[in-house]
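**Student:** Numbering (our numbering), first residue to last: 88 to 390.
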């Protein structure tokens, strides 16, 4: 990213957090729905990639159905941003009223056990709203990681935003995040990780909607190393102001096998839980990048 483009991007996000939260809610909803529709109509790279990804999730969908899904997907994605820009102004009561969490007992019982809990989520719905519910309704702090965005000022905006919602945010790069996460879990704490894409060499290959993708090893490794529970979570919008959420049963560590074999099995179990949630609500999966290995450029480009 060039320095000029970086400053423009940072400025636009700053405008979002500064101005969007001041708009009347109906005006903000209409604005972001209009942005979504205009971006979708331009048929740019991100929209085409989303449509290609959705074609794997809904393999029997024809061109018209895929177009409908991608348009709904862009509206869902822009709803995520509209809510995220406004979340810092929401009261705890508003946050509680904006999410309906099913099977939350898996999370609360896990925390009560003192084992520590890893929540692993795909890019579904609004994971920041789910995190805000954890810190405000359950009153449980948690630790997460964030990609080190460029420019640095943009990364700092995202860190400040999430810390303002009660999260501890660690940089994804630098190598020290894993150790800090492990210490939090050994102390009985909570770690939340978005975990449906990792095209690096450390990613674990999984079968996902009939083809091979890579997902992060971190959630499974943390659970093995610390004894923490590993709980998949899926999120969705259902056409109302309330976002749905489900905490799934724990992914168990296999009784036998090497660490690598256990990690592969546990990551595949996460992928299967994610796939169920994505298949039920494909329009709410905000995957606008390449994911499957056979979609990558021949030279291994991970864009």
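From the three backbone atoms N, C-alpha and C, an ideal C-beta is built for every residue, glycine too.
Using 8 Å as the threshold, is the C-beta distance between residue 227 and residue 169 below it?
**Tutor:** Counting from one through the chain shown, the residue named residue 227 turns up at place 140. Counting from one through the chain shown, the residue named residue 169 turns up at place 82. Cβ atoms of residue 227 and residue 169: not closer than 8 Å.
**Student:** Quick check on the DSSP output: the alpha helix (DSSP H) that includes residue 395 runs from which residue to which?
**Tutor:** For the chain, the structure presents residues 88 to 390; residue 395 sits outside this window and is missing.
**Student:** Under three-state DSSP, which class holds residue 254?
**Tutor:** Along the chain shown, read from residue 1 onward, the residue named residue 254 stands at position 167. Residue state, collapsed to three classes: strand.
**Student:** Do the CB positions of residue 304 and residue 291 come within less than 8 Å of each other?
**Tutor:** Sequence index remark: in the chain shown, residue 304 carries index 217 (1-based). Sequence index remark: in the chain shown, residue 291 carries index 204 (1-based). Yes, the pair counts as a contact, with Cβ atoms nearer than the cut-off.
**Student:** Starting from residue 383 and walking both ways along the beta strand (DSSP E), at which residues does that stretch end?
**Tutor:** In the chain shown, the residue the question calls residue 383 occupies position 296. No beta strand (DSSP E) contains residue 383, which DSSP labels as neither H nor E.
**Student:** Looking at C-alpha atoms only, which residue of 135, 248, 308 is the closest neighbour of residue 265?
**Tutor:** In the chain shown, counting from the first residue as 1, residue 265 sits at position 178. Measuring from the Cα of residue 265, the nearest candidate turns out to be 308.
**Student:** Between 372, 381, 379, which lies nearest to residue 163 when the distance is taken from Cα to Cα?
**Tutor:** One-based indexing of the chain shown puts residue 163 at position 76. Closest option to residue 163, Cα to Cα, is 372.
**Student:** Measure from the C-beta of residue 382 to each C-beta in chain B and report whether the shortest distance is under 8 Å.
**Tutor:** Reference to chain B is not applicable here, since this structure consists of a single protein chain.
**Student:** Compute the Euclidean distance between the alpha carbons of residue 387 and residue 376, then round it to the nearest angstrom.
**Tutor:** On the chain shown, position 300 is the one that residue 387 refers to. On the chain shown, position 289 is the one that residue 376 refers to. Note that residue 387 scores 42 on pLDDT, short of 50, meaning its location in the model is unreliable; the coordinates nonetheless yield the value given after this. Cα-Cα distance, rounded: 14 Å.
**Student:** Between which residues of its own chain and residue 285 is the CB-CB distance below 8 Å, once the five residues before and five after are set aside?
**Tutor:** Within the chain shown, numbered from 1, the residue matching residue 285 stands at position 198. These residues qualify, in order along the chain: 291, 301, 302, 303, 304.
**Student:** Quick check on residue 206: buried or exposed, where buried means 16 or more other Cβ atoms within 10 Å of its Cβ?
**Tutor:** The residue you call residue 206 lines up with position 119 of the chain shown. Answer is buried; the Cβ neighbour count reaches 16.
**Student:** Considering only C-alpha positions, which residue in the set 117, 144, 194 is nearest to residue 363?
**Tutor:** Position 276 of the chain shown holds residue 363. Per the Cα distances, 144.
**Student:** What span of residues does the alpha helix (DSSP H) with residue 124 cover, start to end?
**Tutor:** Walking along the chain shown from the start, residue 124 turns up at place 37. Taken as a continuous stretch (DSSP letters only), the alpha helix (DSSP H) holding residue 124 covers 112-129.
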